[in-house]
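Okay, structure first, notes after.
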Amino acid sequence: MPAKKKIIIYGGAFDPPHKGHFALMKAALRIAPAALYIVPGFRSPFKDFPAAPYKDRAAMLKDGLKAEGLIGRHKGGRTRITVHPFEFKQKRLTYTWRTVDFFKKLHPDAERYFLMGSDCIETFHRWKHYRRILSKAVLLAGRRPGFGLKNLAGVPYVQLKGRFPLITSAALKAALFAGRRPRGLLPATFSYIARKGLYLGALRRRLKKTLTPERFAHTAAVTDLALELGLRYGADPLRAALAGLLHDAARDLPPRALVRYAARSRLRAPGLNEMLKKAPLLLHSYAGADLAAKRFGVKDRSVLNAIRQHTLGSRKPDLLSKIIYVADLAACDRSFPEAGTVAALARKDLDAAYLRANYVKLIYASRAGWRHPESAKVWNSLRTREKNR
Numbered sequence: 180m181p182a183k184k185k186i187i188i189y190g191g192a193f194d195p196p197h198k199g200h201f202a203l204m205k206a207a208l209r210i211a212p213a214a215l216y217i218v219p220g221f222r223s224p225f226k227d228f229p230a231a232p233y234k235d236r237a238a239m240l241k242d243g244l245k246a247e248g249l250i251g252r253h254k255g256g257r258t259r260i261t262v263h264p265f266e267f268k269q270k271r272l273t274y275t276w277r278t279v280d281f282f283k284k285l286h287p288d289a290e291r292y293f294l295m296g297s298d299c300i301e302t303f304h305r306w307k308h309y310r311r312i313l314s315k316a317v318l319l320a321g322r323r324p325g326f327g328l329k330n331l332a333g334v335p336y337v338q339l340k341g342r343f344p345l346i347t348s349a350a351l352k353a354a355l356f357a358g359r360r361p362r363g364l365l366p367a368t369f370s371y372i373a374r375k376g377l378y379l380g381a382l383r384r385r386l387k388k389t390l391t392p393e394r395f396a397h398t399a400a401v402t403d404l405a406l407e408l409g410l411r412y413g414a415d416p417l418r419a420a421l422a423g424l425l426h427d428a429a430r431d432l433p434p435r436a437l438v439r440y441a442a443r444s445r446l447r448a449p450g451l452n453e454m455l456k457k458a459p460l461l462l463h464s465y466a467g468a469d470l471a472a473k474r475f476g477v478k479d480r481s482v483l484n485a486i487r488q489h490t491l492g493s494r495k496p497d498l499l500s501k502i503i504y505v506a507d508l509a510a511c512d513r514s515f516p517e518a519g520t521v522a523a524l525a526r527k528d529l530d531a532a533y534l535r536a537n538y539v540k541l542i543y544a545s546r547a548g549w550r551h552p553e554s555a556k557v558w559n560s561l562r563t564r565e566k567n568r
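Here it is in structure tokens:
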């Protein structure tokens with residue numbers, strides 16, 4: 180009786196596809212499957228919406244497969260490799276059990292494998308309908324550094340030979356959002372990203388044309404620190420980068436232009452009338468949030484709030500607002516001595532750094548001759564919360 184043909188299903192965000200993905204695919208081909216289906220998700224159950232559209236992630240996968248000599252038929256001539264649009268066609272979050280069901284119907288008589296990294300084994304028993312997945316596919320896992328094959332739930336799996344690079348999409352995206360070239364990407368993938376302006380590349384180019392060189396350098400420094408703190412404290416890298424890049428979108432407007440903008444756009448800000456007279460430059464954060472929404476199409480409320488609140492702060496800041504407020508004051512381009520102190524503190528205790536940054540701003544505002552009443556209220560509220568913590 181002939182052996183059953185084998186098929187491998189490899190699902191994920193692939194946002195972006197990286198060297199770790201392709202290394203895992205190459206290792207999986209050693210079991211000589213008839214087909215390898217790579218299934219980019221429309222949306223992952225464990226992540227926010229991908230930072231790159233499906234068509235670009237699929238194109239990057241195909242470019243990477245070609246660069247690695249895997250496109251079409253594997254060079255052994257036995258494996259058909261396909262980037263499959265099943266999850267994209269659903270136009271909604273699709274759980275893995277549905278994907279496996281689909282391929283069972285497509286290949287009812289095949290021996291089916293579901294490919295993953297070892298980091299997924301530990302939490303696999305929390306996946307939706309995980310037993311249903313196990314009834315229709317065998318887990319095929321590659322070991323990644325830092326992730327042993329912990330399997331407290333006793334989930335059955337087959338381990339691939341070898342160890343695979345520890346590359347996280349969050350760190351890759353953070354580097355791309357900051358305008359850097361991460362080492363975990365294939366040259367073909369990075370070229371595609373640069374050509375298409377993905378991962379905020381187009382926004383960075385646009386800002387470089389509209390901001391002064393000094394302002395753009397500051398924006399880049401703030402974004403770098405915001406991404407670092409975001410990775411440390413669990414903020415979404417895309418939101419951290421967006422808020423960092425756009426926080427000073429209106430800062431190059433002179434005071435009179437800011438006053439006109441506030442009137443024309445009917446901006447709302449605490450103590451607006453007094454601010455218009457005594458410190459109109461403080462309006463740039465409110466005008467910046469307005470520009471981020473209207474000119475740059477930002478709809479995310481947490482991003483807009485972080486931009487809006489980076490001058491006066493907030494009595495009840497969320498994580499992103501704390502990060503942008505601190506990053507703006509403590510970025511590496513700042514020359515005043517307190518900046519380095521706040522940056523070092525932020526890497527240990529973000530709440531303490533936020534309080535310290537607020538105090539630094541209060542002192543400088545008092546020396547300048549006028550302190551916004553809201554700043555004092557924010558400080559008092561933060562101090563009270565700190566004492567009760």
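Just so we're aligned, residue 180 is where the sequence shown starts under my numbering, counting upward by one. Ideal Cβ positions, reconstructed from N, Cα and C, are used throughout, including at glycine. In this text the structure is predicted, and so the values were computed from the model without any measurement.
For residue i, the first and last residue of its enclosing beta strand (DSSP E)
i: GLU290; result: 290-296
Residue j beta carbon less than 8 Å from that of residue i
i: THR258; j: ALA320; result: no
i: PRO212; j: TYR233; result: no
i: LEU351; j: PRO344; result: no
i: ILE486; j: ALA468; result: yes
i: ALA471; j: LEU425; result: yes
i: LEU203; j: LEU294; result: yes
i: THR302; j: ILE188; result: no
i: SER348; j: ARG323; result: no
i: ALA405; j: GLY423; result: yes
i: GLY380; j: ILE372; result: yes
i: ALA230; j: TYR378; result: yes
i: ALA357; j: THR402; result: yes
i: ALA510; j: ALA400; result: yes
i: HIS551; j: GLY450; result: yes
i: GLY333; j: THR275; result: no
i: LYS315; j: LYS268; result: no
i: ARG430; j: ARG474; result: no
i: SER554; j: ALA544; result: yes
i: PRO335; j: LEU355; result: no
i: PHE221; j: LYS184; result: no
i: ALA547; j: ALA367; result: no
Endpoints, alpha helix (DSSP H) assigned at residue i
i: LYS245; result: 233-246
i: VAL279; result: 275-285
i: ILE486; result: 480-487
i: ILE210; result: Counting along the chain, ILE210 falls outside any alpha helix (DSSP H), and DSSP gives it neither H nor E.
i: VAL158; result: Limits of the chain in this structure are 180 at one end and 568 at the other, which puts residue 158 out of reach.
i: PRO366; result: 366-375
i: SER348; result: 348-356
i: THR582; result: With the chain represented from 180 up to 568, any question about residue 582 goes unanswered, as that position is not in the structure.
i: LYS473; result: 463-473
i: SER500; result: 498-509
i: THR302; result: First-last for THR302: undefined, no H or E at that position.
i: ARG362; result: That residue, ARG362, is in no alpha helix (DSSP H); it is neither H nor E in DSSP.
i: ARG443; result: 434-444
i: LYS456; result: 451-457
i: ALA422; result: 416-425
i: LEU524; result: 516-525
Residue i - partner residues in DSSP beta bridges
i: GLY191; result: PRO219
i: GLY548; result: Beta-bridge pairing links GLY548 to no other residue.
i: ARG322; result: ARG342
i: THR261; result: TYR216
i: ILE186; result: ALA214, ARG291
i: TYR336; result: LEU318
Whole-angstrom C-beta distance between residue j and residue i, which should lie under 8 Å
i: TYR465; j: LEU483; result: Not quite, the Cβ-Cβ distance comes to about 10 Å (not below 8 Å), so this is no contact.
i: SER493; j: VAL557; result: 6 Å
i: ILE186; j: ALA289; result: 5 Å
i: ASP235; j: LYS375; result: 6 Å
i: ALA207; j: LEU339; result: 6 Å
i: LEU365; j: ALA419; result: Not quite, the Cβ-Cβ distance comes to about 25 Å (not below 8 Å), so this is no contact.
i: LEU421; j: ALA525; result: The pair is not a contact, with the Cβ atoms about 19 Å apart (cut-off 8 Å).
i: LEU460; j: ALA441; result: With a Cβ gap of about 12 Å, LEU460 and ALA441 do not count as contacting.
i: ILE260; j: LEU244; result: 6 Å
**Message:** Three or more C-beta pairs under 8 Å: does that hold for the segment 232-250 against the segment 180-200?
**Reply:** yes
**Item:** Stretch-stretch touch, CB-based, cutoff 8 Å, three pairs: the segment 377-392 with the segment 490-505
**Value:** no
**Message:** Whether or not the segment 523-536 and the segment 493-508 are in contact is what I'm after, with contact meaning three or more pairs of Cβ atoms, one per stretch, closer than 8 Å; do they touch?
**Reply:** Yes, they touch.
**Message:** Is it the case that the segment 263-270 contacts the segment 304-313, given that we only count it when at least three CB pairs across the two stretches are under 8 Å?
**Reply:** no
**Message:** Counting beta carbon pairs with one atom in the segment 539-549 and one in the segment 508-526, are three or more of them shorter than 8 Å?
**Reply:** yes
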